[in-house]
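So the structure is just underneath, and the comments pick up after that.
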Amino acid sequence: MTSPTPAQTEPGSKATLLLVTAALSGAAVMCIELSAVRLLAPWFGTSLPVWSNVIAVVLLGLSIGYLFGGRASRGKDPAKSLAIVLGLAAVATAWLPFLAGPLAELFLPAQLDIEQASSVFRWGSLASSLCLFLPASTILGCVGPLVVELLGRSGLGAGEAGGRALFASTLGSLVGVFGTSHWAVPELGLRGTLLLAAGALVLALVSISVVRASLGKPQVGLLLVALLGAVLTPASRALPYGLTQLATVESPYQRVRVVEALDQGVRFLAVNESTNSYQSVWQPELGLLDGDYYYNDFALPPAWVAREQGPLSTWSTLCIGMGAGTAKRVLEGSLPAGTDLAFTGVELDPEVVRLGALHMDLEQGPDDLLASDLDGRAALRCLSGPFDQVIVDAYANQVELPAHLVTLEFFQEVRERLAPGGWCQVNVGGADTRDPLVRAVAGTLARAMQSPVLLLRVPGTRNLMLTARRDARPPVPTEDAWYLLPPELQRVVRGREVRGQWDWLEADAPFEGLLTDDHAPVEALQQRSVEHSLARRNRTR
Amino acid sequence: MITLALLASLQVAPTDAAAEVQAALDQGWFGQAMAATRGIEDDVDRDASEANVLYLARSYDAALERALSAIDGGESSALVFSRGIAAATWVGDTDTGRELLGRLELAIVELEPAAQQGWRDHAADLEVYLEDFEGRAEGARSALDRAKWTAGLVGLAALGLLGLGIRRQSPGS
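Line order of the protein sequences matches chains A and B.
So that you can map any letter, position 167 of the first sequence is 296 in this note's numbering, and since no number is skipped, the others follow by simple counting.
So that you can map any letter, position 50 of the second sequence is 64 in this note's numbering, and since no number is skipped, the others follow by simple counting.
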C-alpha cells in the first residue's frame, strides 16, 4: 500500500461507519451479481454460459475497481473519493432495470424463433453483461481500497485495516447472497431488489458524509440521477398485441406470468422467455387441447391400454414437471369412460402451482398428490408407485433439460416405479428425430427401460415425445394398434405416421451420448441441437 | 393457402393411384395416402405426390426433400413448387425457398390465363412468409455481429483499463 498523505485522523465511531460502508457495498455487489442473471433471463435464459458471462464480467469489473480504488486512495481526500464512488455506484445500480431491456433487445431482437435466438444467447449475454454490469462492478470495486485507506488513516495498521474491511465486506456479501435470493427477489421483484441495493449504497454514502461532515453538490446530483433511474424503470415488459396479463410474479426460480389470448380464451403460463414458449396451457374445457400441443400425447397410453385390455378402473400418472397442471386436465378429460385418474404431480416452483390454482383450475382431487418446491429426482425417490404412466416434462430456463432428469440412473429409477407394461413419456425439444440431443435422451431412455423407444414429432412445434414401456413395446404407426383409438384421439395421431415424423430406437441400438449421473453434457448437446437445426437451413442445392 | 380452385386449375387428369391418394387425404389418413403414392408409376410424379402428402402431414423437411427430388427429376407443376417453398420456409432454408419462388413464377406463366391470377396471389403470400423469415434471419445475424463487436470492444477496453491500472500501480512507474 502507498504511504498515506498525513491528513485527518478519523475517530473510532467513524471507523465503524466505514465498516458499515464496506458491508453495504459488499451486499450490493452480491445483490447485483445474483440479480444480473435474472435480469438477463427474459432474453438469454439462465444457463451455465450466461452465469459464467455474468460472473466473469463482475470479477473483471471488481479487479479493475480494486486497482483504480487503490490509485484513488493515494489522493488528499479519499473520503470525498469514496463518497463520489458510492454515488456513482448507486446510479449505476438504480439504472440497471431501466437499461436492461433496451440493451438486451439490441442483442436479441424480438420475434426470432428458438434456433435463431439460440445462436445469439452466448455472445448476446456477454455483450449485455459487459455493458450493464461492468460499470457498476468496477465502481463498487473501488470501495474496498478506499475504506482500507481511510481505516489506515484512522490509526489502524495496514493488516488490521485490510482485515477489518474484508471482514465487513464479506459479511455484507453473505447477507447480500441470502437476502437477495431468499427474500428480496421473491418479495420485491428484480426492480425492487436493485433499487434496494442502490438504496443501500445511498445509505453508505450518507455514512461517509457523516465521516466527512458534509454532503457535497456532486453527491446530491448523483442521488438525483439515481432517483431518476428508479422512477423511469418500467415494472414489467409490454406484452405482444392480443395477449392480456393475468398475473406476474418473481418466484425463487424465475419470472412467472399467466397471460390470456384475448380472441381464444386460452391461457398460457410462461417463464422468463421472450421466445414464444410456454410451460402450461389452459382452456376452459377438460380434455384434449385444441391445436398442436404435446400434452395431447399424454392421453394416448390409457386409450391404447383400454383398447388392449378392456375398461380400466383407475389410471395412475406421475408427472415430473407438472407446471400448472395441463397434463392433469388433459388426462382428466380424455380418460376412457369409467376410469378414475390418480394423479401425482411434482413441480419445483411453488409459484407455478399457486398461479395454476388461481388461474388454470389446478385442483387436488381425493386420489391426487400435488407436490411443489420439490425437485423431480428427489421426489421420485420418495414415491414408490407403481404408476401406469410417468411423464417427464421438466425444463429449466425455458428450453433446457435438467441434466439430472435425463440420465440412465434417473430413467432406471423411473422404471422401478412403473407397473409392468407402464409407460414413460419424455418431452424433449429438438429439430427432428435425428437431433443429437433427442437421440442421446432417447438412447439413454431405451437403455434404462431395456425396451425400444418411439420418437414422435409434434407437428408444427419443436417438441418430440419419447415413449417407452416397461417390459413392453409402444405401438408404432406401421401397426394396427396405433390406430385403435377413440375418434377424438384419432386427430392426435393422424399425420404423424408419415416419414420424418417418427422413428424407433431399439434398446440395444448404438447411439452417441449415453447420459449418466457422472457425465451428462446436456448443455453441449443442446448447443449441437441448435447447430443441427441451423445446418438444415440454407443447404446448398 | 391453396384452394380447390387453384388445384383444379392445374388440370391434372387423376390416375387411379392419384385418386386413391386424394381419397385418403380427404379422410385425413396420411399414412394410407403415402402408401397409395407407391401406386404412381412415374418416379417424378410419385415424388411430387409424396411431397404433397408429407407437406399436408406437416413433415416439412421430408416434404422439402421429396419436392426437390421431384423438381430435379423435371417436375415443374406450380403445386410442387408451392409445397417446396412453404416447406423450405418452415425449415428455414430460405435460399431454396427463394429459388423455388422464381421457378413458381415461371410455372405460373405456363398456366391457363384464367388460373394465373389465383396462383399469383398465392405466390405473393408465399413471398410474404419467405420475406418475414428472411427478415428475422437477417435480424439474428445482425444481432450476433453486434453482440460480438460490442463484447470485443468493451472487453478490450476493460482489459486496457486493467493494464493501465497495473502499470500505474507498478513501483517506479
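From the three backbone atoms N, C-alpha and C, an ideal C-beta is built for every residue, glycine too.
Per DSSP, reduced to three states, the secondary structure at methionine 48(B) is helical. When secondary structure is reduced to three states using DSSP, cysteine 448(A) falls in the strand class. Among the residues facing chain A, valine 67(B) is included, as its CB has a counterpart in that chain under 8 angstroms away. DSSP, read as helix, strand or coil, puts alanine 649(A) in coil. Sequence-distant Cβ neighbours of leucine 114(B) in its own chain, meaning closer than 7 angstroms and more than five residues away, are Phe95, Gly98, Ile99 and Ala102. Taking the Cβ atoms as the reference, aspartate 517(A) lies roughly 13 angstroms from aspartate 496(A), outside the contact range of under 8 angstroms. Between cysteine 553(A) and valine 587(A), the gap from beta carbon to beta carbon reaches 8 angstroms or more. The C-beta of glutamate 617(A) comes no closer than 8 angstroms to any C-beta of chain B. Looking at the DSSP output, methionine 594(A) sits in a beta bridge with Asn556(A) and Leu585(A).
A straight-line Cα-Cα distance of about 32 angstroms links arginine 72(B) and alanine 649(A).
For threonine 443(A), the secondary structure class from DSSP, reduced to helix, strand or coil, is strand.
Interface residue (Cβ-Cβ distance to chain A less than 8 angstroms): serine 73(B) is classified as such. By the rule that beta-carbons nearer than 8 angstroms mark a contact, arginine 160(B) touches chain A. For alanine 376(A), the enclosing beta strand (DSSP E) has its first and last residue at 372–379.
Beta bridge pairing from DSSP links serine 409(A) with Leu398(A). With a cutoff of 8 angstroms on beta-carbon distance, phenylalanine 262(A) and glycine 190(A) are scored as near each other. Contact between the region 475–490 of chain A and the region 422–438 of chain A is not established, with fewer than three Cβ pairs separated by less than 8 angstroms. Annotated as distal: glycine 452(A) and glutamine 383(A), with beta-carbon spacing of 8 angstroms or more. Membership of leucine 644(A) in any alpha helix (DSSP H) is not indicated, and neither H nor E is assigned to it by DSSP.
Separation of glycine 416(A) and proline 465(A) (C-alpha to C-alpha, rounded to the nearest whole angstrom) is 11 angstroms. Look at isoleucine 54(B) here: in three-state DSSP terms it is coil, with no helix or strand label. Shown here, aspartate 469(A) sits in a strand according to DSSP, grouped into three states. Counting C-beta atoms within 10 angstroms of its own C-beta, tryptophan 224(A) has 16 or more neighbours from the protein chains shown and is therefore classed as buried.
Beyond the five residues adjoining it in sequence on each side, glutamate 626(A) comes within less than 6 angstroms, by CB distance, of Pro606 in the same chain, given in chain order. In the DSSP assignment, glutamate 542(A) is bridged to no other residue. Interface flag for aspartate 107(B) against chain A is set, since a Cβ pair is found closer than 8 angstroms. Residues of chain A whose Cβ lies closer than 7 angstroms to the Cβ of phenylalanine 44(B) are, in chain order, Arg623, Gly624, Glu626 and Val627. As DSSP reads the structure, aspartate 632(A) sits in a beta bridge with Leu584(A).
8 angstroms or more divides the Cβ of glutamate 148(B) from the Cβ of alanine 137(B).
Unbroken alpha helix (DSSP H) stretches of 4 residues or longer found wholly inside the region 177–235 of chain A: 177–201 and 207–223, given in chain order.
Between leucine 484(A) and phenylalanine 472(A), the gap from beta carbon to beta carbon reaches 8 angstroms or more. Cβ contact annotation for arginine 510(A) (same chain, cutoff 8 angstroms, sequence separation greater than five): Glu542, in chain order. Per DSSP, the beta bridge partners of isoleucine 520(A) are Cys448(A) and Gln554(A). With three or more CB-CB distances shorter than 8 angstroms, the region 155–162 of chain B counts as touching the region 231–245 of chain A. Annotation for leucine 614(A): no beta strand (DSSP E) segment contains it, and DSSP assigns it neither H nor E.
The beta carbon of glutamine 630(A) sits closer than 8 angstroms to some beta carbon of chain B.
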